[in-house]
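For reference, the structure is listed below as structure tokens.
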Amino acid sequence: MRLASVVLVLLGLLWPAGVASADHGVPLAATYKTTPPATMGAGTDVAVKVTLTNTGDDAWVPFVGGTAPAAGQVALSYHWQDPFGTIVVWEGLRSPLGAGNVAKGATREVTATVRAPTEAGAYFLTFAVIKEGVAWAAPSLRYAVQVNPAYSARFARPTITALLLATAYTFPVT
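Here the sequence shown stands for residues 0 to 173, numbered as in numbering that gives the first Met the number 0.
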């Protein structure tokens, strides 16, 4: 331990005066505020409001819509994980941030289009900002979502006690 202390002291003494080490901040970082739905239908798209705050060092040049973000544009995306933490969907749909750069410290409300996994089950959803072709920002908290079969039907006995022949009847199917 003494040797390490001596080396650190010597390095401090030998470091040239007036030369500062580079401050390596975080160029792409965000905070996320959202309340995604607790349930979704398998393979369905749901609109989820997400409030983003740019906590990184750089302004974001946003993806404003169209087929796909260009390299360097920032969009909101998401990831799906199963209960064991295995990635089910890494490359979620890209949602535009709207017009105008998002300055450091600025907040933007985005409507994210989230597509549920195609298989029913329990999942975790996380949101993440992506600078296309460059990097992903750290994701949001994990949100538990139950994905139900997209289509289902229940059948019950009608409450009619007798049906007449040659008569049309309408029954609700839920």
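We put the CB at the ideal spot given by N, CA and C, even for glycine.
| Check | Outcome |
| --- | --- |
| Quick one, are the C-beta atoms of Leu51 and Ala134 less than 8 Å apart? | no |
| Could you give the uninterrupted runs of the beta strand (DSSP E) lying entirely in the stretch 84-124, keeping only those of 3 residues or more? | 86-88, 106-114 |
| Does the stretch 69-78 come into contact with the stretch 126-133, if we say contact requires no fewer than three beta-carbon pairs (one atom in each stretch) closer than 8 Å? | yes |
| Where does Leu75 land, buried or exposed, given buried means 16+ other C-beta within 10 angstroms? | buried |
| Report buried or exposed for Leu164, applying the criterion of at least 16 other Cβ atoms within 10 angstroms of its Cβ. | exposed |
| Name the DSSP bridge partner or partners of Tyr177? | No statement about residue 177 is possible, as the shown extent of the chain runs from 0 to 173 and does not include it. |
| Apart from the five residues on each side of it in sequence, which residues of its chain come closer than 7 Å, Cβ to Cβ, to Val18? | Residue confidence is low: Val18 scores 35 on pLDDT, short of 50, so the model does not pin down where it sits. No coordinate-derived value is stated. |
| Using only CA atoms, which one of Val101, Gln80, Ala102, Tyr150 lies nearest to Ala121? | Gln80 |
| By DSSP, does Pro26 sit in helix, in strand, or in coil? | coil |
| Are the Cβ atoms of Val113 and Arg107 separated by less than 8 Å? | no |
| Looking only at its own chain, which residues have a Cβ that is under 7 Å from the Cβ of Lys48, when we skip the five neighbours before and after it? | Thr33, Glu108, Thr110 |
| Under the three-state reduction of DSSP, which class applies to Gln72: helix, strand or coil? | coil |
| How should Leu96 be labelled, buried or exposed, when 16 other C-beta atoms within 10 angstroms of its C-beta is the threshold for buried? | buried |
| Have a look at Lys103, Tyr77, Val172 and flag the residue whose alpha-carbon is nearest the alpha-carbon of Val60. | Lys103 |
| Would you kindly check if the distance between the Cβ of Ala41 and the Cβ of Ala115 is under 8 Å? | yes |
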